[in-house]
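Participant: Just dropping this structure here.
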Amino acid sequence: MAFKSLLSVAGADHSDRDVRTAASLCADVGAHLSVLIMSPPPLVMWPPPLGDGIPEWPRQRAHAIAALEKRYRQIERFSQDAASLEKTSREIHKLLRATWRCYDVDIANCDQASVGNAVRQRALCNDLTIVGPALLNDINLGPLVINGSLFDTGRPVLVVPKGAEATLSPRRVLVGWDSRVEASRSVREALDLPANAEEVRVALVDPEATCTGNDTEPGADIAAYLTRHGVWVSVDRLASAGKPVATVLAQHAIDTSADMIVMGAYGSRRLRERLFGGVTRWIVGKPPLPLFLAR
């Protein structure tokens, strides 16, 4: 599919690097950029009521007063977050007016339980969410954004780690394939990328023969699908030798000088944060490559 609308999510305390990355991608493909600036405060617990609601015993009264003071500090921080969001919004507007004029900027100052839904609502109306280095390194906001944009919508995500060349026009694409629904969706969502690439390699780790025909070679089905869409494809069947699949794919990306990896995102609701952590750990120490994920 053609990418005509991109979403960039940034924390109020992040640098503008992620937004610059997304803006450059939009400029390359002529897409609209939606920026969502977020500053999730800690979960708020309401204090006990004043007056008769406060116990008369000294120790319990002290606890109640301490709870009230904590609540007031939280309100003050919430106000500071709102001011920080407004300041960041002004800075982002100034940046985008000078770089890419086809954009909109929104802010969301909500509790952590609402972050995923706020992101989901925007991701549903965009083709692709960009996860840049600042968001990738934010262990509090990053997983919530991944949940809202990737898992809760079915929309794809492009992870752009620090040092990676952000592009939606890669010359060499490596597709991780295992005949699962997630891998199929990642190929379909990213179809414009391999269609315009010079070289596309489909990599299968420890593949098994498919049941789509007599003596069908593993990977022949997805290669035929891509060929019908005008993509020149080569199929690489790799042995894991006991190594994790992600490690084998990362090494093969190095060996083939890939510019991007396309693969499916797996995991149940309980495994989402583990997926985010796994992606983060995977790219650390590896050559920085954009990672296109679909669910």
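Quick note: the sequence shown uses this note's numbering, first residue -5, plus one each step. Glycine included, every Cβ here is placed at the ideal spot set by N, Cα and C.
1) Quickly, what does DSSP pair I255 with across the bridge? List them, please.
2) In the structure shown, what three-state DSSP assignment does R231 receive?
3) Measure from the alpha carbon of A128 to the alpha carbon of each residue in E85, V153 and R289, then state which is nearest.
4) Cβ of A324 within 7 angstroms of Cβ of A112?
5) In or out: V196 buried (at least 16 other Cβ within 10 Å) or exposed?
6) When DSSP labels each residue in this structure, what does A149 get in the three-state scheme?
7) Please classify A191: is it buried, with 16 or more other beta-carbons within 10 angstroms of its beta-carbon, or exposed?
8) With a CB to CB cut of under 6 angstroms and the five nearest residues on each side skipped, what residues in its chain are close to D253?
9) Would you kindly report the start and end of the unbroken beta strand (DSSP E) that includes A324?
10) Going by C-alpha distance, which of G170, A214, E183 and H223 is nearest L198?
11) If I measure Cβ to Cβ from C96 and keep anything under 6 angstroms in the same chain, skipping five residues before and after, which residues do I get?
12) By DSSP's criteria, S83 is part of a beta bridge. Which residues make up the other side?
13) Mind the definition here: the stretch 108 to 127 touches the stretch 80 to 88 only if three or more C-beta pairs lie below 8 angstroms; say whether that holds.
14) Using the Cα positions of L168 and V256, report the straight-line distance between them to the nearest angstrom.
15) On the DSSP letters alone, give me the boundaries of the alpha helix (DSSP H) that R248 sits inside.
16) Taking the alpha carbon of V194 as the reference point, which residue from L185, N134 and A117 has its own alpha carbon closest?
Facilitator: In this structure, then:
1) Taking the sequence shown and counting its residues from 1, one reaches residue 255 at position 261. Answer is L168 and L285.
2) Indexing the sequence shown from 1 puts residue 231 at position 237. R231 sits in a strand when the DSSP states are folded into three classes.
3) Reading the sequence shown from its first residue, position 134 is the one you call residue 128. Ranking E85, V153 and R289 by Cα distance to A128 puts V153 first.
4) Here the chain comprises residues numbered -5 to 289, so residue 324 is not present and cannot be evaluated.
5) Counted from its first residue, the sequence shown places residue 196 at position 202. Classification for V196: buried.
6) For this step, residue 149 is matched to residue 155 along the sequence shown. Here residue 149 turns out to be Arg, not Ala, going by the sequence shown. Three-state result, R149: coil.
7) Within the sequence shown, residue 191 is the residue found at index 197, counting from 1. Label assigned to A191: buried.
8) Here residue 253 refers to the residue found at position 259 of the sequence shown. Within the same chain, D253 has close Cβ partners P164, R165 and R166.
9) Any question about residue 324 goes unanswered here, given that the chain covers just -5 to 289.
10) Within the sequence shown, residue 198 is the residue found at index 204, counting from 1. Of the candidates G170, A214, E183 and H223, the one whose C-alpha sits nearest the C-alpha of L198 is G170.
11) On the sequence shown, position 102 is the one that residue 96 refers to. Excluding positions up to five away in sequence, the list reads H26.
12) By one-based count along the sequence shown, residue 83 stands at place 89. In DSSP, S83 forms no bridge with anything.
13) no
14) For the purposes of this step, residue 168 is taken as residue 174 along the sequence shown, with counting starting at 1. For the purposes of this step, residue 256 is taken as residue 262 along the sequence shown, with counting starting at 1. When rounded, the distance between both Cα atoms is 6 angstroms.
15) Sequence index remark: in the sequence shown, residue 248 carries index 254 (1-based). According to the sequence provided, residue 248 is Ile. The question's Arg does not apply to it. Segment V239 to D249, the alpha helix (DSSP H) holding I248.
16) Stepping through the sequence shown from its first residue, residue 194 is reached at position 200. It is L185.
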